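Engineer:
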Amino acid sequence: MPATETYADTSNKALIITVDGPSASGKSSVARRVAQVLNLPFVSSGLVYRGATYQAMRYGVNPDDEGALMSMLEAHPIQLVPNRRGNRLLADGKDVTEQLHTREVDALVSAVSRHPKVRGYVYQRLRELSPPFVVEGRDMGRVVFPDAAYKFYLTARPEVRAHRRSPERDGDLETILAEIIRRDQADIAQSIPAADAITLDTSEMSLEEVVNEVISRTRTRQ
Ligand code: DC
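Residue numbers (this note's numbering): 21 to 242.
(1) Per DSSP, which residues does G157 bridge with? Please list them.
(2) Where R185 and A44 are concerned, what is the direct C-alpha to C-alpha distance, given to the nearest angstrom?
(3) So the beta strand (DSSP E) A72 belongs to, where does it begin and stop?
(4) If you measure from the CB of V129, is any heavy atom of ligand 1 nearer than 7 angstroms?
(5) Return helix, strand or coil for V125, following the three-state DSSP convention.
(6) Between V129 and Y79, how many whole angstroms is the CB-CB distance? I'm expecting something under 8 angstroms.
(7) Looking only at C-alpha atoms, which of R145, V50, Y141 sits nearest to M90?
(8) Please state whether DSSP places T222 in a helix, a strand or coil.
(9) With respect to the beta strand (DSSP E) encompassing R108, which residues constitute its N-terminal and C-terminal limits?
(10) So L174 is in the beta strand (DSSP E); what residue range does that whole segment cover?
(11) Within the present structure, is the beta-carbon of Q205 separated from the nearest heavy atom of ligand 1 by less than 7 angstroms?
(12) N103 bridges to which residues according to DSSP?
(13) How is I98 classed by DSSP in three states: helix, strand or coil?
(14) If you check the beta carbons only, do R203 and I196 fall under 8 angstroms apart?
(15) Could you work out which residue in P136, P102, P97, A168 is closest to K114 when comparing CA atoms only?
(16) In angstroms, rounded to a whole number, what distance separates the CA positions of I218 and V63?
(17) Quick one: is A55 buried, meaning 16 or more other Cβ sit within 10 Å of its Cβ, or exposed?
(18) Using a Cβ-Cβ cut-off of 7 angstroms (strictly less than) and excluding sequence neighbours within five positions of P61, which residues of its own chain qualify?
(19) Hey, quick one: how far does the alpha helix (DSSP H) through Q144 stretch, first residue to last?
(20) Tell me whether Q242 is buried or exposed, calling it buried when 16 or more other Cβ atoms sit within 10 Å of its Cβ.
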């Protein structure tokens with residue numbers, strides 16, 4: 021496969037490719053690589069929720085208090101800066117990306133992201149971005165970009181996801197698996213696939229196989 025290719029869109033829909041799925045399903049790696057191959061920007065929606073959670077931790081806001089979270093975000097906004105290789109998240113104008121994939125943020129992010137007003141705030145940040153792009157998340161295809169040209173939903177067995185995640189986190193495999201299962205439950209409402217998404221079970225697939233599958237489906241499903 022060539023490193024970059026020009027992507028020709030023949031539909032009249034906005035050129036948005038959504039890649040949704042549960043935590044550690046591989047959606048970030050897949051979306052990033054697909055974006056790179058198609059020479060499109062990559063957008064990580066989870067990073068925005070992580071940024072909101074980081075700010076809540078930093079300013080001591082109770083993650084169950086929706087009103088307090090919204091006041092805090094108004095006073096201390098977050099901004100997503102997408103690019104082809106990765107995304108940066110600015111909090112109060114400062115790049116905090118490296119501090120967003122910790123177990124502390126993992127533990128609180130579901131509580132912060134379940135509030136409708138917080139979700140509305142994040143949707144606005146995402147809808148401000150101009151297509152084309154590849155975006156990954158939970159509800160990108162169903163809720164945020166229902167008119168996206170191509171929608172994918174990645175799944176994998178929880179044990180496989182725990183294995184994939186373990187190099188990125190402290191802690192033993194069993195703890196990581198338990199956290200994944202807990203987060204699946206906590207995020208269940210926003211993790212419903214779009215009716216028109218293509219679902220891929222990636223349990224037995226390598227990253228490159230999933231990327232190739234996604235790219236070939238965008239070519240055949242014009
Ligand atoms: O994909 P991730 O693990 O970085 O996402 C972090 C959390 O953000 C996840 O637990 C649920 C929430 N999230 C969400 O509710 N909706 C999205 N579109 C993306 C993430």
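All residues carry an ideal CB built from backbone N, CA and C; glycine is no exception.
As the structure is a computational prediction, the values presented were derived from the model and not from experiment.
Structural biologist: Looking at the atomic coordinates:
(1) One-based indexing of the sequence shown puts residue 157 at position 137. In the DSSP output, where bridge partners are listed per residue, G157 has D40.
(2) The sequence position of residue 185 within the sequence shown is 165, counting from 1. The sequence position of residue 44 within the sequence shown is 24, counting from 1. Taking the straight line from one Cα to the other gives about 6 angstroms.
(3) Here residue 72 refers to the residue found at position 52 when the sequence shown is read from its first residue. Taken as a continuous stretch (DSSP letters only), A72 belongs to no beta strand (DSSP E), being part of the alpha helix (DSSP H) at 65-78.
(4) Taking the sequence shown and counting its residues from 1, one reaches residue 129 at position 109. Checking every heavy atom of ligand 1 against the Cβ of V129, one is found closer than 7 angstroms.
(5) The residue given as residue 125 occupies position 105 in the sequence shown. Helix at V125.
(6) The residue labelled residue 129 in the question sits at position 109 within the sequence shown. The residue labelled residue 79 in the question sits at position 59 within the sequence shown. Contact flag wrong, Cβ pair sits at about 16 angstroms.
(7) Numbered from its first residue, the sequence shown carries residue 90 at position 70. When each option's Cα is compared against that of M90, the closest is Y141.
(8) The residue labelled residue 222 in the question sits at position 202 within the sequence shown. Residue state, collapsed to three classes: coil.
(9) Along the sequence shown, one-based indexing puts residue 108 at 88. 107-111 is the extent of the beta strand (DSSP E) around R108.
(10) Position 154 of the sequence shown, counted from the first residue, corresponds to residue 174. Here the beta strand (DSSP E) through L174 covers 170-175.
(11) Residue 205 sits at position 185 when you count from the first residue of the sequence shown. False, no ligand heavy atom lies under 7 angstroms from that Cβ.
(12) Mapped onto the sequence shown, residue 103 falls at position 83. Bridge partners of N103: F62.
(13) Within the sequence shown, the letter at position 78 stands for residue 98. Strand.
(14) Taking the first residue of the sequence shown as position 1, residue 203 is located at position 183. Taking the first residue of the sequence shown as position 1, residue 196 is located at position 176. No, the Cβ-Cβ distance between R203 and I196 is not below 8 angstroms.
(15) Residue 114 sits at position 94 when you count from the first residue of the sequence shown. Per the Cα distances, P97.
(16) To locate residue 218, count along the sequence shown from 1; it is residue 198. To locate residue 63, count along the sequence shown from 1; it is residue 43. Roughly 19 angstroms between the two C-alpha positions.
(17) Mapped onto the sequence shown, residue 55 falls at position 35. Burial call: buried.
(18) Walking along the sequence shown from the start, residue 61 turns up at place 41. Within the same chain, P61 has close Cβ partners A55, P102, N103, R104, F153.
(19) Position 124 of the sequence shown, counted from the first residue, corresponds to residue 144. Element bounds for Q144: 136-147.
(20) Here residue 242 is taken as the residue at index 222 of the sequence shown, counted from 1. With a pLDDT of 45 at Q242, under the threshold of 50, the modelled position of that residue is not reliable, and no figure is offered here.
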